[in-house]
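The structure appears right after this line, and notes come after that.
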Amino acid sequence: SGVMETSNDQAVVGVQNYLERAAQNLKPIVPIKFCISSRTDTGVHALCNSAHLDIQREPGKPAFQEKQLIHCLNKHLKSEPIRILKAHRVTDGFHARFSALSRTYVYRLLTGCAHPSEIPVFERDLCWAPLGHFSSLNVPAMQEAAQFLLGTHDFSTFRSLNSKTPFQPPVRTLLQADIQPSPGFLSHHYEHRKLEFWEVKFRSRSFLYRQVRRMVGALVAVGQGKLTPQDIKELLEIKDSQAFPSYAMAPPSGLFLKSVEY
């Protein structure tokens, strides 16, 4: 359902809604609002996200201790796949979103599947398996193409358009872009199937709307032979969102927010 808060008339509920419902059990004197550091779309996962919140208690009541806060929130989140891992007291000037130094995303790919039914049941909706005769990927070509994305660029071609596009500068600095083999969940039990998992990792202070999914999709297209590494360089230089190949958008299910660094 995504991380951000949804309105009362929507059928799906965002992670922020669950967090704020749990926080009301702390009995604050004003409703608690969570400020989430990194927004994720519906279908995208988060191994670790961060947020800040202000808790105002009744006069005379002490501030919550960090362990106490974690325990209380998790108690009211136990029925949801959401857990509070750490809590830290921060200065008044701290902002979960704008104080972040970098964010790391990982996209999980699965090769060796000719049909969706061949995706291991425990990996459903947790990876992307490009299918058909393109089920294998030319990883060295993808790694070569990824190098063109490193550094500071205008990533206009690699962002989807939304209502905030006119207000967001398209220049971003990509600090890391690499592709490495990765183990699957309990993959040693189906080694005979010749399935291979790969992780595409990107790190930057911030990303544009759906930038990671477009970058992954373009790299997969290179791995399939639909694009060349040089095409990635040319797409960057075009600086036009409409020029991005319509077939090259990676689905949300394989994308994970790995960490937010401060």
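Numbered per the working numbering, the sequence shown spans residues -2 to 259.
Even glycine gets a Cβ: it sits at the ideal position worked out from N, Cα and C.
Cβ separation of residue i and residue j, assumed to be a contact under 8 Å, to the nearest whole Å
| i | j | result |
| --- | --- | --- |
| Phe95 | His49 | That belief does not hold up - the Cβ atoms of Phe95 and His49 are roughly 10 Å apart, past 8 Å. |
| Phe119 | Phe182 | 5 Å |
| Ile79 | Val12 | 6 Å |
| Thr101 | Lys198 | 7 Å |
| Leu254 | Ala43 | 4 Å |
| Ser157 | Ser34 | With 8 Å as the limit, Ser157 and Ser34 do not qualify as a contact, their Cβ atoms being about 21 Å apart. |
| Pro226 | Ala138 | 6 Å |
| Glu63 | Ala84 | 4 Å |
| His112 | Leu128 | 7 Å |
| Tyr187 | Pro117 | 6 Å |
| Ser114 | Glu258 | With 8 Å as the limit, Ser114 and Glu258 do not qualify as a contact, their Cβ atoms being about 39 Å apart. |
7 Å CB neighbourhood of residue i in its chain, flanking five on each side removed
| i | result |
| --- | --- |
| Gln53 | Pro25, Ile26 and Val27 |
| Ala247 | Tyr104, Trp125, Arg210, Val213, Gly214 and Val217 |
Beta-bridge pairing of residue i - partner residues as DSSP gives them
| i | result |
| --- | --- |
| His42 | Phe253 |
| Ser175 | Residue identity differs from the one stated: residue 175 is Asp in this sequence, not Ser. In DSSP, Asp175 forms a bridge with Lys198. |
| Val168 | Asp151 |
| Ile33 | Ala48 |
| Glu193 | Thr108 |
| Glu258 | Ser99 |
Sequence-distant residues of the same chain with beta carbon closer than 6 Å to residue i, five excluded per side
| i | result |
| --- | --- |
| Gly40 | Pro249 and Ser250 |
| His73 | Ala19 and Asn22 |
| Leu70 | Ala19 and Ile81 |
| Ile67 | Ile81 and Ala84 |
| Leu134 | Thr108 and Gly220 |
| Ser256 | Cys45 and Thr101 |
| Ala245 | Gly214, Ala215 and Ala218 |
| Ile235 | Thr154 |
| Ser161 | At residue 161 the sequence reads Lys, which differs from the Ser that was named. Nothing listed; no residue qualifies. |
| Gln177 | Glu196 |
| Pro56 | none |
Close beta carbons around residue i, own chain, < 8 Å, minus the five adjacent residues each side
| i | result |
| --- | --- |
| Leu233 | Phe145, Leu146, His150, Asp151, Phe152, Thr154 and Phe155 |
| Lys191 | Gly109 |
| Val87 | His49 |
| Ile29 | Glu17, Ala20, Gln21, Leu23, Leu50, Asp51 and Ile52 |
| Val175 | The residue you asked about is not Val; residue 175 is Asp in the sequence shown. So the list reads Gln140, Ala143, Val197 and Lys198, once near-sequence residues are dropped. |
| Ser179 | Arg105, Phe194, Trp195 and Glu196 |
| Cys275 | As displayed, the chain neither begins before -2 nor continues past 259, which places residue 275 out of reach and without an answer. |
| Tyr15 | Leu74, Glu77 and Ile79 |
| Gly148 | Thr170 and Leu171 |
Within-8 Å CB hit, residue i to chain B
| i | result |
| --- | --- |
| Tyr187 | No chain B appears in this structure, which consists of one protein chain only. |
Whole alpha helix (DSSP H) elements within the stretch 69 to 156, 4-residue minimum: Runs of the alpha helix (DSSP H) inside the stretch 69 to 156: 136 to 146.
Contact between the stretch 198 to 205 and the stretch 170 to 184: three or more CB pairs below 8 Å? Put simply, the stretch 198 to 205 touches the stretch 170 to 184. At least three CB pairs are less than 8 Å apart.
Cβ contact (3+ pairs, closer than 8 Å) linking the stretch 136 to 146 and the stretch 216 to 225: Three or more beta-carbon pairs separated by less than 8 Å link the stretch 136 to 146 to the stretch 216 to 225, which places the two stretches in contact.
In chain order, what are the residue ranges of uninterrupted beta strand (DSSP E) at least 3 long that sit wholly in the stretch 198 to 225? Given a length threshold of 3 residues, the stretch 198 to 225 has no whole run of the beta strand (DSSP E) inside it.
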